[in-house]
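Here the structure comes first, spelled out in structure tokens, and everything after it is commentary.
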Amino acid sequence: MSTIRSWEDRDLPWLERIMTDCFGDPPEVTRHFHRAFLRPGTCLVAEAEGHAVGAIYLLPGPSLSLAPKTLQSVYLYAFVILPAFRHRGMGTLLYQSALTQARSRADCVCVIPASEDLMHLYGTFAPLAPLGSVRKARYSPDVLAASPPFFGRWI
217 MSTIRSWEDR DLPWLERIMT DCFGDPPEVT RHFHRAFLRP GTCLVAEAEG HAVGAIYLLP
277 GPSLSLAPKT LQSVYLYAFV ILPAFRHRGM GTLLYQSALT QARSRADCVC VIPASEDLMH
337 LYGTFAPLAP LGSVRKARYS PDVLAASPPF FGRWI
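For the sequence shown, our numbering gives the first residue as 217, with consecutive numbering after it.
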């Protein structure tokens, strides 16, 4: 049985492991990310077998100025399910829950997929209106110490 819920303190070691295992990020990068961004309401987890097996982060997105109105956005980031738990419907439930929460908080929802495959995956959950082309990005962990309070820069 799986559950979708807001993150709890007990999830932190699992969230760090999930990001390290699935994205290849060094542990110091995932720890820094979680220290910088993990707050109440910023992460939903998929739980199975008593622990987090997937996550998606709901981060404050950019304000989009469309005169005369400024639109607030939520940025959906790092949508992931551990490989052993994929193809069980958890990813669909997790993403749909995140979309519901994001839509209740902001005027629009932003995703920045790292590949065309991810753009297609996200599009299966909800219609997407691309604002630009997809480009591959790689995080440079050596900027951690030099860049507080920002997470880093993409190269």
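Just so you know, even glycine gets a beta-carbon here, dropped at the ideal spot from N, CA and C. No experiment lies behind these values; they were computed from the predicted model shown.
A check of alpha carbon separations from F295 across I234, R226, E224 and T219 identifies I234 as the nearest. Pairwise C-beta distances place the stretch 230–248 out of contact with the stretch 274–292, as fewer than three of them are shorter than 8 Å. Segment contact: the stretch 324–344 against the stretch 257–264, fewer than three CB-CB distances shorter than 8 Å; contact not assigned. Its chain contains no residue whose beta carbon lies nearer than 6 Å to that of L254 once the 5 sequence neighbours on both sides are disregarded. Inside the stretch 250–275, DSSP marks whole beta strand (DSSP E) runs of 3 or more residues at positions 259–264, from first to last along the chain. If the five residues before and after Y311 are omitted, its C-beta is found closer than 7 Å to the C-beta atoms of I272, F295 and F341, all from its own chain and listed in chain order.
In the displayed model, I297 falls within a strand according to three-state DSSP. Around R304, the same chain offers no residue with a beta carbon nearer than 6 Å, after the five sequence neighbours per side are excluded. C-alpha of L337 to C-alpha of D227: approximately 26 Å in a straight line.
Spatial neighbours of L231 in its own chain (CB-CB distance under 8 Å, excluding positions within 5 residues in sequence) are listed in chain order as W223, T246, H250, L254, C259, V261, A268 and A271. By the neighbour-count definition (other C-beta atoms within 10 Å, threshold 16), A314 is a buried residue.
Taking 7 Å as the cut-off, the Cβ atoms of G277 and Y293 do not count as close. With respect to A318, L275 sits apart: the two C-beta atoms are not nearer than 7 Å. For V245, no pairing in a beta bridge is given by DSSP. In this structure, S218 sits near M306, with a CB-CB distance shorter than 7 Å. Distance check between S320 and each of E265, G257 and I328 places G257 closest, using alpha-carbon atoms only.
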